[in-house]
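Just below is one structure, and these are the notes that go with it.
2 protein chains.
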Amino acid sequence: MSKLRSVPTLDDVAKKAGVSTATVSRCLNDPKRVVAATRERVMTAVEALGYTPNFAARVMAAKRSFTIGAIIPTMENAIFARGLQAFQEEIHQRGYTLLVSSSAYKPEVEEEQIRTLVARGADGLLLIGHDREARIYDYLEQQNVPAMVAWSFIPGKRTPSIGFDNRQAMMALAGKVIELGHSRLATISGVSQGNDRARLRIQGIKDAMQQHGLSPDALSIIETPYEIESGAEAFRLLMAQDNRPTAILCGNDVLAVGAVRQADEMGYRVPDDISITGFDDIELARIVRPGLTTIHVPHRDMGRKAAAELIDMIENSSPGQSFRLDTKIVMRNSLTRAK
Amino acid sequence: MSKLRSVPTLDDVAKKAGVSTATVSRCLNDPKRVVAATRERVMTAVEALGYTPNFAARVMAAKRSFTIGAIIPTMENAIFARGLQAFQEEIHQRGYTLLVSSSAYKPEVEEEQIRTLVARGADGLLLIGHDREARIYDYLEQQNVPAMVAWSFIPGKRTPSIGFDNRQAMMALAGKVIELGHSRLATISGVSQGNDRARLRIQGIKDAMQQHGLSPDALSIIETPYEIESGAEAFRLLMAQDNRPTAILCGNDVLAVGAVRQADEMGYRVPDDISITGFDDIELARIVRPGLTTIHVPHRDMGRKAAAELIDMIENSSPGQSFRLDTKIVMRNSLTRAK
DNA sequence: ATCGTAAATGCAAGCGCTTACATATTTGCT
DNA sequence: AGCAAATATGTAAGCGCTTGCATTTACGAT
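Taken in order, these protein sequences are the chains called H and Y. Per this note's numbering, the first sequence starts with residue 715, numbered consecutively. Per this note's numbering, the second sequence starts with residue 715, numbered consecutively.
Here's what the structure looks like:
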């Protein structure tokens, strides 16, 4: 069986080209260190044998993998897609490869993924949000692999972050909602346990209420997974309450879309009967009718910048720097003045 | 600096526990081969040192990585998300880890990703669709890593596949459209070059036309990337033609949503002025108004089955078996009888 | 007690690559 | 032409782990 023909190794190439393995290795990794004639001979052998370097061996010998890992909470919706895409483009340009896993918003899965990625030799990690066990940061430090947090900006943390101020962004939007005359507010939030972004967004709403003389305690809060269906369900719950809100600020666009759909189904007109807002400004927010008033996040910038900064940490053992990006409110048609 | 404290190795653990590295290794990989007392001692040392095995070393020594790679065309929309999720769940349960990369629908990127994943020691690969250079299949064979194709079902290919019959599914839908009285048909397709699924879907429409006595040549075809914006643009083009279609069959839901949105923008009512259909039945198809008439694909079944079959190939050197899953037309409100 | 067998552990040879360091070859000057 | 310096290549020592085989220990049966 041809199955028995084993995969060619550096040694095979070296023999075939009549040079040492060191030369072949140099040819592959730093071609200019080898004279043209030799190089050509080696490359021909590589071609002929269909040789591909064994990554594990390379990582082990070089203690460098040119791989960056990213653990995102979910791939099921587009929240992280755009930012990750930009991140990937940037690191690819700098010669790195991206490995992605998703944690399904489960801390224990995330931890496992982090360990997996590190064990696989990732040179650095992209993490979403700051909230996780200290143990994990200890581990990362011990293993000496730098990490960068995105989608959140909280300076002074152990790990640098590049993102936006979730609290302030939401506070601005809530402020606008209140200024439009809404006083019975509700929020459909993601699960805030272990999710600083969700928590800060809720806090932002409360702060805005406080600031405008409303009691923060009056805010109706429903926490639920970030899924369209959950958003719909939460909307149903909210409208079954005695004191129905006139505006619902959702923790993200996915939830908001669910709410909008459910409102439609239940015969409420958005925004005339009820205002609904989102967060993130993913494509979905433009597609749904009415278009979602939401908070635009500079996903691509964030991804790109996170990549640049992380690579700096990797290559220069830099401690890494945090950056705060600006968000802005984008008005579409799901929010209007209270009647 | 504590940075200098290097990462603990098997050796460190062995010394600390007063056993040989072999015993530690066995403790970690096959605990029952080691007597309880020893095991405990070893585990304590592992804890104390915060030891984590070095993956590269393990792969190299064991020639097995318990890793499966998947290369999907895009993560930007949900087309592959659900199936991949199911795939991931299944392999995780069987003790494997999933590594995902996306090729952005570019064959050369896909090839690179395949090589990367294989070099990284993937035990098997999940690929989308059959269309790719023979060279790649040669490589996979040479490297002795099994692959499974999903989202397409074409028996008798070099690589087994699990999916649905794209041609037949689209043919059924087109048949239904024609039966509703439409005769001026158009399609907004993905780029068919290097994409068997796209090509077969177009073919399915033509076959249905043929079968119903329409000339297949009369089908207006626009090929464009699978993006909402492209779908919108294609719609614009189609409606600028002399002989406007009364029904547009889109290559997938993303394209269809773009078309629906654009129709709305241009003042066409869907489906009264024009019928539009999708393919895939992703969440978006339910969200958009009017709801998209589309073809439901059993994403989760497909993912799960692909995983099971691929693992069988890996573990039993089985040649792998192909399976054909059924699709079904789901009627929503974007398709109606021609006037 | 003694011996045979089975269970537990240790020894040491790699896995395929990179990279100091040593050696050989070429180049540029005088 | 001759020599030092620069350049090109080779040698070989690991990187951290697994695993076949050898050795030791434990346990019953005689």
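Every residue gets a Cβ at the ideal spot worked out from N, C-alpha and C, and that includes glycine.
Scanning chain Y for C-beta atoms nearer than 7 Å to the C-beta of A771/H yields M774, reported in chain order. Residue M862/H holds the alpha-carbon nearest to the alpha-carbon of H844/H among D837/H, I919/H and M862/H. For A946/H, the closest Cβ of chain Y is not nearer than 8 Å. When Cβ-Cβ separations below 8 Å define contact, I785/H makes no contact with chain Y.
One Cα belongs to M757/Y, the other to G764/Y, and the distance between them is close to 10 Å.
Annotation: Cβ neighbours of A795/Y in chain H (cutoff 7 Å, chain order): M789 and E790. Interface residue (Cβ-Cβ distance to chain H less than 8 Å): V721/Y is classified as such.
Bridge pairing for K1042/H: H1010/H [DSSP]. Between A833/Y and chain H, the shortest Cβ-Cβ separation is below 8 Å. In the three-state reduction of the DSSP assignment, A1052/Y falls in the coil class, being assigned neither a helical nor a strand state. Within the segment 855-871 of chain H, the residues whose Cβ lies closer than 7 Å to any Cβ of chain Y are, in chain order, Q856, Q857 and N858. Collapsing the DSSP output to three states places E937/Y in a strand. DSSP, read as helix, strand or coil, puts V748/H in coil. Taking 3 residues as the shortest admissible run, the segment 789-869 of chain Y contains the following complete beta strand (DSSP E) segments, listed from N- to C-terminal end: 811-816, 838-842 and 861-864. The residue among A970/H, A1022/H and R983/H with its C-alpha nearest the C-alpha of I1009/H is A970/H. Chain-ordered listing is empty here: chain Y has no CB closer than 7 Å to the CB of G904/H, the nearest sitting near 17 Å. Listed along chain Y are A833, each with a C-beta nearer than 7 Å to that of N768/H.
Beta-bridge analysis with DSSP links F1037/H to I876/H. DSSP assignment within the segment 876-959 of chain H yields the following whole alpha helix (DSSP H) runs of 4 residues or more, N-terminal first: 880-893, 910-925 and 942-954. In the DSSP assignment, G783/H falls outside any alpha helix (DSSP H) and lies within the beta strand (DSSP E) extending over T781 to I786. Between the C-alpha atoms of D726/Y and E761/Y there is a straight-line separation of about 12 Å. Against L813/Y, the close residues of chain H are L813, in the order they occur along the chain (beta-carbon pairs closer than 7 Å). Measuring C-alpha to C-alpha distances from N1047/Y to each of H926/Y, K920/Y and V891/Y identifies V891/Y as the nearest.
Within chain H, the residues placing a beta-carbon under 7 Å from that of T830/Y are T811, ordered along the chain. According to DSSP, residue pairing for S989/H in a beta bridge involves A961/H.
Pairing V738/H with L724/H gives a Cβ-Cβ distance under 8 Å.
Distances from the CA of A1022/H to each of G838/H, D921/H and I990/H were compared; the closest alpha carbon is that of G838/H. Any Cβ of chain Y closer than 8 Å to the Cβ of E997/H would place that residue at the interface, and such an atom is present. Taking the beta carbon of Y853/H as reference, the chain Y residues within 9 Å of it are G764 and T766, listed in sequence order. At a cut-off of 8 Å between C-beta atoms, Q807/Y does not count as an interface residue with respect to chain H. Counting other Cβ atoms within 10 Å of its Cβ, M774/H reaches 16 or more and is therefore classed as buried. Against chain H, a Cβ distance below 7 Å from V1002/Y picks out I1001. Cβ neighbours of E824/Y within its own chain (closer than 6 Å, five residues either side excluded): I785 and S817.
Residue pairing for D978/Y: DSSP places it in no beta bridge.
Taken atom to atom, the span from the alpha-carbon of D978/H to that of E997/H is near 20 Å. Chain H places no beta carbon closer than 8 Å to that of I936/Y, leaving this residue out of the contacts.
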